[in-house]
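If you're matching positions, the sequence shown starts at 807 in this note's numbering and goes up one per residue.
We put the CB at the ideal spot given by N, CA and C, even for glycine.
Working notes, structure below.
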Amino acid sequence: MTIRLPGAGGVLRTYEPRTEPLAVTPGTPFTSRTVFSAAHVVADPFADVSPDSPAAVDWDATLAFRRHLWSHGLGVAEAMDTAQRGMGLDWAGAAELIRRSAAEATSVGGRIACGVGTDQIVSGSLAEVRAAYEEQLALVEESGAQAILMASRALAAAASGPEDYLEVYGHLLRQAAEPVVLHWLGPMFDPALEGYWGSADLDAATDTFLDVIAAHPDKVDGIKVSLLDAQREIDIRRRLPMGVRCYTGDDFNYPELIAGDEQGFSHALLGIFDPLGPLAAQAVRVLDTGDVQGFRDLLDPTVGLSRHLFQTPTRFYKTGVVFLAWLAGHQSHFTMVGGLQSARSLPHFATAYELADGLGLFPDPKLAEERMKTLLSMYGVNQ
């Protein structure tokens, strides 16, 4: 069982896939960490839409993937960047996704938190930004899900300085019914968020971010930091008020951040835990026993795949996530809302396949091999 994959300079090389997947099974709930997977959406491949049309979603497959994550004990972070918010999924689609996923979570007893943003407007005044946030916050709270206040492109454009962020977030936190998660998404994920919190100086931005939390510690369950800077996350984590959690969003350094140090640790809310779900869950259960080395032994080898999927331009990591979901049999096709299946190259896909196969991530390695060969044939690579 071999497959020819494109390598450097377009030269084909022979790869021998695994014959057996990594043995992982659902287990008990986690006790030492709270872990969310930011989940992708499955497009409807039969919908007659263009890349700039409203998203056509395969709801059955989308919800089935969430049940897969819940079955392994992971929480689902819904309607986040991984679900292509602002990159194929508009607010109308996100609202429907939130309603359906929250109802599904209730029916199966799964944990869910949902993204609250302002993507129903492109730009506007601070008052219009607040109103957009309020509309989405109300929907998430009505669905019964926890709210994640996401970074807003419209706020980044409208704010004139740190005081505007303090005012808008303070207003939202005062009216939130339950503690929320604050999300700081860096410009590597979305260039429109450059200078968020009122400054391109990360030290100054961090101070403003922490000022928001310090003013409303009872309304902040935690923060999600997606800056791909492990030391900055650790520094922020150590400055949080007692009881406010840090959820790592660092898809480059997550094993060490979750494992933590003598002064604390991070929980997790990660896009990479979409393809890594069962393996990540197994690692956290090992960590629950106090076996930090066993946890690292399971999770450290996955970093190479994550860094590959999240390589520059980082915002296109969703393409690799959906590609692996197709290879793993979680969906019957490799199409994405907004046509983003075209956002990565064939060599990128080949390396992602090889790295994921080496980790044993495919429940049926033969199916993954056959689907990889199908993709290769579409690019003119005959086996």
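Between residue i and residue j, what straight-line distance do the alpha-carbon atoms span, to the nearest angstrom?
i: L869; j: R906; result: 8 Å
i: A951; j: A1006; result: 32 Å
i: I1040; j: V841; result: 18 Å
i: V1050; j: L1130; result: 34 Å
i: Q1088; j: T1180; result: 31 Å
i: G916; j: L903; result: 15 Å
i: Q1069; j: R1044; result: 7 Å
i: V1187; j: L988; result: 46 Å
i: A861; j: M1178; result: 26 Å
i: P832; j: R1091; result: 10 Å
i: E822; j: A1010; result: 50 Å
i: A963; j: L1146; result: 26 Å
i: Q1117; j: I809; result: 25 Å
i: N1059; j: L1093; result: 17 Å
i: L1082; j: A829; result: 13 Å
i: S1095; j: S838; result: The residue asked about is misnamed: residue 1095 is Thr in this sequence, not Ser. In a straight line, the C-alpha of T1095 is about 9 Å away from that of S838.
i: T1191; j: L1104; result: Because the chain here runs from 807 to 1189, residue 1191 falls outside it and cannot be looked at.
i: E948; j: L978; result: 16 Å
For residue i, count the other beta carbons within 10 Å of its own beta carbon; 16 or more makes it buried, fewer makes it exposed. Which is it?
i: K1172; result: exposed
i: Y1185; result: exposed
i: D1056; result: buried
i: V817; result: exposed
i: D858; result: exposed
i: D996; result: buried
i: D1163; result: buried
i: D864; result: buried
i: M956; result: buried
i: S958; result: buried
i: G1110; result: exposed
i: G815; result: exposed
i: R980; result: exposed
Could you tell me how far apart the beta carbons of residue i and residue j are, in whole angstroms, since I believe they sit closer than 8 Å?
i: H1136; j: P851; result: The Cβ separation is near 14 Å, so there is no contact.
i: L1046; j: T1014; result: At roughly 15 Å, the Cβ-Cβ gap does not stay under 8 Å, so L1046 and T1014 are not in contact.
Who are the Cβ neighbours of residue i in its own chain at under 7 Å, not counting the five residues just before and after it?
i: D1071; result: Correcting the residue identity first, residue 1071 is Phe in this sequence and not Asp. Cβ within range, chain order: I1064 and A1065.
i: H846; result: T888, A889, D1080, K1124, V1127, V1128 and A1131
i: P1169; result: P827, A1134 and G1135
i: Q942; result: V922 and G923
i: R1102; result: P1061 and A1065
i: G1001; result: A962
i: A1021; result: G976
Would you say residue i and residue j are within 7 Å of each other, going by their C-beta atoms?
i: I954; j: A919; result: yes
i: V1143; j: A849; result: yes
i: G930; j: A960; result: yes
i: T1193; j: A938; result: Here the chain comprises residues numbered 807 to 1189, so residue 1193 is not present and cannot be evaluated.
i: L811; j: A1156; result: yes
i: A883; j: A844; result: yes
i: D896; j: L932; result: no
i: A885; j: A867; result: no
i: D873; j: G1166; result: The sequence shown places Arg at residue 873, not Asp. No.
i: M994; j: T1108; result: no
i: P1084; j: V1026; result: no
Excluding the 5 residues preceding and the 5 following residue i in the sequence, name in chain order all residues of the same chain whose CB lies nearer than 6 Å to its CB.
i: D1024; result: none
i: Y1159; result: M1178
i: S1112; result: D1057 and I1078
i: G967; result: G1004
i: A1174; result: L1133 and F1168
i: F975; result: For the record, residue 975 in the displayed sequence is Tyr; it is not Phe. Around Y975: V1018.
Whose C-beta lies closer than 8 Å to the C-beta of residue i among residues of the same chain, with five residues either side of it excluded?
i: I927; result: E934, V935, A938 and A960
i: Y1053; result: T840, F842, V987, G1028, I1029, K1030, V1031, S1072, H1073, A1074 and L1075
i: I1042; result: T1012, F1015, L1016, I1029, V1031 and C1052
i: Q1189; result: I809, R810, K1179, L1182 and S1183
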